[in-house]
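Residue numbers (our numbering): 2 to 74.
A virtual CB, placed ideally from N, CA and C, is assigned to each residue, including glycine.
Worksheet: one structure, shown below.
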Amino acid sequence: MSTITIRINEEEKKYIEAFAKMNNKSISELIRESVLESIEDKYDLIELNKAIVEFNKEKTMYTPDEVWEILGI
2 MSTITIRINE
12 EEKKYIEAFA
22 KMNNKSISEL
32 IRESVLESIE
42 DKYDLIELNK
52 AIVEFNKEKT
62 MYTPDEVWEI
72 LGI
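Encoded structure:
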(Lines of atoms letter the chains of each structure in order from A and count residues from 1; the text may use other names and numbers.)
(Lines give C-alpha, C1' and ligand atoms only; values in the text may rest on other atoms or scores of the structure.)
Protein backbone atom coordinates (compact mmCIF):
# COMPACT_ATOMS: atom_id res chain seq x y z
CA MET A 1 0.00 0.00 0.00
CA SER A 2 1.21 3.50 -0.81
CA THR A 3 1.40 6.54 1.42
CA ILE A 4 0.42 10.07 0.42
CA THR A 5 1.22 13.09 2.56
CA ILE A 6 -0.94 16.21 2.67
CA ARG A 7 -0.43 19.47 4.52
CA ILE A 8 -3.28 20.92 6.55
CA ASN A 9 -3.50 23.51 9.28
CA GLU A 10 -4.41 22.70 12.91
CA GLU A 11 -8.03 23.78 12.51
CA GLU A 12 -8.49 21.49 9.51
CA LYS A 13 -6.81 18.64 11.39
CA LYS A 14 -9.18 19.01 14.35
CA TYR A 15 -12.16 19.17 12.02
CA ILE A 16 -11.07 16.00 10.19
CA GLU A 17 -10.31 14.17 13.43
CA ALA A 18 -13.70 15.06 14.89
CA PHE A 19 -15.54 13.99 11.75
CA ALA A 20 -13.60 10.72 11.56
CA LYS A 21 -14.42 10.00 15.20
CA MET A 22 -18.12 10.77 14.66
CA ASN A 23 -18.16 8.23 11.84
CA ASN A 24 -16.07 5.60 13.65
CA LYS A 25 -13.36 5.75 11.00
CA SER A 26 -9.67 6.32 11.01
CA ILE A 27 -8.45 9.58 9.53
CA SER A 28 -6.81 7.63 6.72
CA GLU A 29 -10.02 5.75 5.94
CA LEU A 30 -12.10 8.94 6.01
CA ILE A 31 -9.76 10.84 3.69
CA ARG A 32 -9.33 7.88 1.31
CA GLU A 33 -13.10 7.39 1.01
CA SER A 34 -13.75 11.12 0.66
CA VAL A 35 -11.16 11.58 -2.08
CA LEU A 36 -12.30 8.53 -4.04
CA GLU A 37 -15.97 9.55 -3.75
CA SER A 38 -15.10 13.06 -4.93
CA ILE A 39 -13.21 11.70 -7.94
CA GLU A 40 -16.09 9.36 -8.78
CA ASP A 41 -18.62 12.22 -8.51
CA LYS A 42 -16.53 14.42 -10.80
CA TYR A 43 -16.12 11.57 -13.30
CA ASP A 44 -19.89 10.95 -13.23
CA LEU A 45 -20.50 14.64 -13.91
CA ILE A 46 -18.13 14.55 -16.88
CA GLU A 47 -19.96 11.51 -18.27
CA LEU A 48 -23.34 13.17 -17.68
CA ASN A 49 -22.21 16.25 -19.59
CA LYS A 50 -21.04 14.06 -22.48
CA ALA A 51 -24.43 12.31 -22.51
CA ILE A 52 -26.25 15.66 -22.52
CA VAL A 53 -24.18 16.83 -25.50
CA GLU A 54 -25.00 13.61 -27.37
CA PHE A 55 -28.68 13.87 -26.47
CA ASN A 56 -28.82 17.46 -27.69
CA LYS A 57 -27.42 16.31 -31.05
CA GLU A 58 -30.13 13.67 -31.52
CA LYS A 59 -33.00 14.82 -29.32
CA THR A 60 -34.77 11.51 -29.84
CA MET A 61 -36.90 10.43 -26.92
CA TYR A 62 -39.12 7.40 -26.55
CA THR A 63 -41.97 6.60 -24.21
CA PRO A 64 -41.72 3.35 -22.23
CA ASP A 65 -44.33 1.80 -24.53
CA GLU A 66 -42.29 2.74 -27.60
CA VAL A 67 -39.20 1.14 -26.07
CA TRP A 68 -41.11 -2.10 -25.41
CA GLU A 69 -42.39 -2.05 -28.99
CA ILE A 70 -38.90 -1.45 -30.43
CA LEU A 71 -37.55 -4.30 -28.32
CA GLY A 72 -40.45 -6.55 -29.33
CA ILE A 73 -41.55 -7.13 -25.78
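query	result
Quick one: what's got a C-beta closer than 8 Å to K26's C-beta in the same chain, skipping five residues either side?	E34
Between the Cα of M2 and the Cα atoms of S29, K14, E18 and K15, which residue gives the shortest distance?	S29
Secondary structure at M23, three-state DSSP: helix, strand or coil?	helix
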